[in-house]
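Participant: The opening position of the sequence shown corresponds to residue 1 in our numbering, with each subsequent residue numbered one higher.
First the structure, which I've put down as structure tokens, then a few questions once you've had a look.
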Amino acid sequence: NTVNDGTNIGNVTERMRIQADGDINIIGGGRILSSGGIYLGTNNNVNLLDAYEEGTWDALLTTTGNPFNNQSAQTATYTRIGNLVTVQMQALTAGATSGGTGEVIVTGLPFTSTKAAFGTFNTGRIALSNTLGGSSSIPTSTTYIRFLFMVSGNNANVLDASAVNGQGTPYVSATITYQV
């Protein structure tokens, strides 16, 4: 191809073409769609980045049984890239706790998980003993986070409400990435 607009700049190699529908084809691989995402590399669905989003969600420290007497939702953040969501949160109660029964969980995740996921977490002002570390977990097809503690060998316990009851402003914080 030769461009001749009076200045004759010479031969030009096409690198990108904007289609009538607004899609952009990148010569040699890649495509940007006017709606629906960006193909990275070849134009097949496994290379389609179709979602990017940042936002907030309400993280609520609660239980699977009777709730704590002073639950209080905290604003947490998330970033979604394609089918992966990374959440960061700190959930706490509004003062000393009582009344909670069952397993301690944090509810309110912005998207439902499609696979089980594991991450990290920290606790504060929660009565724990004889633990060997722990992990946060999001079960498949849910919108909540669980907290597991290793106690011996391959044995794990869930964070029970009894470890939180009677504590002043207990909290958990976590970062976890999961699929949607």
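Just so you know, even glycine gets a beta-carbon here, dropped at the ideal spot from N, CA and C.
Are Ser141 and Phe118 close, meaning C-beta to C-beta below 8 Å?
Facilitator: Their beta carbons are not under 8 Å apart, which means Ser141 does not touch Phe118 by this criterion.
Participant: Please specify which runs of the beta strand (DSSP E), each continuous and at least 3 residues long, are wholly inside the region 137–171, giving them in chain order.
Facilitator: Qualifying beta strand (DSSP E) stretches, in chain order: 144–152, 155–158.
Participant: Just to check my reading of the structure: Ala51 and Gly30 have Cβ atoms closer than 8 Å, yes? What is that Cβ distance to the nearest angstrom?
Facilitator: In fact, because the Cβ distance is near 18 Å, the residues do not count as touching under 8 Å.
Participant: Since Gly185 and Ala96 should fall inside the 8 Å C-beta cutoff, what is the C-beta to C-beta distance between them, to a whole number of angstroms?
Facilitator: Look at the range of the chain in this structure, 1 to 180, and you will see that residue 185 is not part of it.
Participant: Is it the case that the region 96–106 contacts the region 55–75, given that we only count it when at least three CB pairs across the two stretches are under 8 Å?
Facilitator: The region 55–75 vs the region 96–106: in contact.
Participant: Could you tell me the alpha carbon to alpha carbon distance between Thr64 and Asn45, rounded to whole angstroms?
Facilitator: The straight-line gap from Cα to Cα measures roughly 39 Å.
Participant: Do you know how far the Cα of Ser129 is from the Cα of Ser113?
Facilitator: Using only the alpha carbons, I get a separation of about 31 Å.
Participant: What does the alpha-carbon distance come out to for the pair Glu53 and Ser162?
Facilitator: Going from the Cα of Glu53 to the Cα of Ser162 covers about 37 Å.
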